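Written out below as structure tokens is the structure these notes cover.
Residue numbers (my numbering): 16 to 611.
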């Protein structure tokens, strides 16, 4: 009865004794009701040409073949007739899912839904399209679409200009980076595409399904092998400069250290030199496509830029890729968030993050719908975006009030030290210069010290007894870095005020750093911006055991500095005597061993 009823509903006069057959016929019937959509430039085409294009949806290709001679002929003859490129997107079952019409020189493929696409797979579609102008191979646009849309394969079939018959077919697919190349650090030389030998359609001896499944298996194997031993995010670093390439390389080295300190694994680096920065995407449309293609090939999780991106640049880049996009400021803020241990540090980091986020909040589509609509709620209301911004501003106000209390508490402690006439010495310097290690060695403390950038975020104060039985306070401060996010200055104002009350600043310098001079300049610039350049300063070269002795001696003469090794307490005698001499210029210092 159910079978007969289905037949009656679908207007079928025959009796069906097998329910499965009825379902098949029903599906075919429903499919026949779907009107095929021809995408692209269809304006000006005749009705019979449109019907021929619609019939392409009914064609089938054996799953193991890229294309058949018959299918290619129908495609090229139709393209020759209308004088425009014609393309189809075919799934792995050989069914045509989209028919697209371009112009004489190019075809624009429709955007694909990438939200559910696994990073270890292609999107299950291959593109077959025609070339009308005798192109000898796949164009750059063809290869770009192949990568950005994560197609299984891109194929172009030449059209004979006289007969419209198919000529040679050019095809290519993406190449995953092998696990060996990742382990050996050879990703920079890895090929992006594999071009197949040109053949007439239907004569290419390749099992298409076997080829694609082997590529996806390699992609999955590489990602699985990495995650089994290391779950950290993979990153591609991008640096853009309008100046000297050497400076960009130094900045890239620092960005790599930041990424490593933030828990990222750097798979590759790209440096671009431009006459001026692109206001839309920073790197330009073509370079952005190259970066995204490289990212897809390597299987990275995020792209990190060595500059602060504007809100419009972040939107443009996010529209072009599903990968996470970070800039230098975000990376530094994330590292600070990882390092913050005290409630004060967490407040300061959250405040800086919210100030960075506020101008970058955006809303489109349903997120911009009005609230409080309907009866009793007429009027403009608030958009979702405005609500988010209001909440962020309220949170910023709350955090700033909490920091004001912290500032008052610190001011009271400084007043107590002033009444006790205890001098204050603050250790400042570039990040990873060894400030925490020096504090530990001077004061027998156990402050956390690691060989990575921004290992210490929360400031620490300890007492130190000088040779003249004088006690002083030694502050360990947060490290400086070039292009420090501006929001950090205001957020860490309570912390930086500790340096304002200092009687002496120890500017600690990593003597082994190849960017020694630029790091000194960066610290001096930041101290000037904080209006701390009037405080007496003592330059100290740390890590003397890692530097060339002769070169270090020359540097000490040039900068009127002293050399130490924070891990060797015997080398600190001269530093302690110099601190005592600077704080007590009228007292004779006995050059005895003072650090046990």
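Glycine included, C-beta positions come from ideal geometry on N, C-alpha and C. Keep in mind that this is a model prediction, so the values were computed, not measured.
Per DSSP, the bridge partner or partners of residue i
| i | result |
| --- | --- |
| residue 491 | 442, 475 |
| residue 578 | 556 |
| residue 187 | 169, 210 |
| residue 70 | DSSP output for residue 70 lists no bridge partner at all. |
| residue 341 | 319 |
| residue 174 | 181 |
| residue 480 | 486 |
| residue 283 | 251 |
| residue 375 | In the DSSP output, where bridge partners are listed per residue, residue 375 has none listed. |
| residue 75 | 110 |
Reduced DSSP secondary structure (H/G/I, E/B, other) of residue i
| i | result |
| --- | --- |
| residue 221 | coil |
| residue 249 | strand |
| residue 333 | helix |
| residue 111 | strand |
| residue 500 | coil |
| residue 137 | coil |
| residue 269 | helix |
| residue 259 | coil |
| residue 562 | coil |
| residue 349 | helix |
| residue 48 | In this prediction, residue 48 has a pLDDT of 47, which is less than 50 and means its spatial position is unreliable; what the coordinates show is noted afterwards. Residue state, collapsed to three classes: helix. |
| residue 460 | coil |
| residue 591 | helix |
| residue 424 | helix |
| residue 387 | Note that residue 387 has pLDDT 42, beneath the 50 cutoff, so the model's placement of it is unreliable and the number below is only indicative. DSSP places residue 387 in coil when its eight states are reduced to three. |
| residue 301 | helix |
| residue 102 | strand |
| residue 278 | coil |
| residue 181 | strand |
| residue 120 | coil |
| residue 419 | helix |
| residue 528 | coil |
Proximity winner among the options, relative to residue i (alpha-carbon distances)
| i | options | result |
| --- | --- | --- |
| residue 593 | 551, 61, 562, 543 | 551 |
| residue 168 | 159, 449, 174, 322 | 159 |
| residue 411 | 365, 186, 320 | 365 |
| residue 483 | 576, 407, 476, 596 | 596 |
| residue 420 | 457, 438, 76, 359 | 359 |
| residue 346 | 356, 371, 327, 63 | 371 |
| residue 545 | 514, 573, 265 | 514 |
| residue 329 | 375, 260, 302 | 375 |
| residue 458 | 446, 447, 448, 475 | 475 |
| residue 262 | 178, 153, 532, 236 | 532 |
| residue 143 | 161, 151, 137 | 161 |
| residue 404 | 177, 288, 369 | 369 |
| residue 163 | 149, 356, 188 | 188 |
| residue 125 | 104, 145, 98, 108 | 104 |
| residue 74 | 253, 113, 334, 268 | 113 |
| residue 539 | 497, 154, 157 | 497 |
| residue 575 | 590, 325, 452 | 590 |
| residue 541 | 530, 563, 444 | 444 |
| residue 535 | 560, 495, 500 | 495 |
| residue 258 | 337, 292, 252, 527 | 292 |
| residue 207 | 306, 123, 256 | 306 |
| residue 436 | 326, 516, 448 | 516 |
Boundaries of the beta strand (DSSP E) in which residue i is found, first to last residue
| i | result |
| --- | --- |
| residue 145 | 140-146 |
| residue 214 | Residue 214 -> no beta strand (DSSP E), and no H or E assigned at all. |
| residue 11 | Any property of residue 11 remains undetermined from this structure, which presents the chain solely from 16 to 611. |
| residue 55 | 53-55 |
| residue 524 | 519-525 |
Unbroken alpha helix (DSSP H) run spanning residue i, endpoints
| i | result |
| --- | --- |
| residue 557 | Premise fails: residue 557 lies in the beta strand (DSSP E), 552-557, not in any alpha helix (DSSP H). |
| residue 364 | 358-372 |
| residue 539 | 531-544 |
| residue 355 | Note, residue 355: premise wrong, no alpha helix (DSSP H); not H, not E. |
| residue 160 | 155-163 |
| residue 84 | 84-97 |
Short CB-CB distance (under 8 Å) between residue i and chain D
| i | result |
| --- | --- |
| residue 119 | This model lacks chain D altogether, as it is built from one protein chain only. |
Handout entry: the segment 545-559 contacting the segment 522-529, beta-carbon criterion three pairs below 8 Å
Key = yes
Problem - Given 8 Å, three or more beta-carbon pairs between the segment 271-283 and the segment 313-330 - result: yes
Exercise for the section: Would you check if the segment 226-237 and the segment 173-187 touch, i.e. whether three or more CB-CB distances between them fall below 8 Å? Expected result: no
Problem - the segment 89-98 contacting the segment 172-181, beta-carbon criterion three pairs below 8 Å - result: yes
Problem - contact_flag[the segment 262-275, the segment 300-313] where n(CB pairs < 8 Å) is 3 or more - result: At 8 Å Cβ cutoff, the stretches do not touch.
Practice task
Assess, as a yes-or-no matter, whether the segment 210-219 is touched by the segment 68-84 under the definition of 3 or more beta carbon pairs within less than 8 Å.
Solution key: yes
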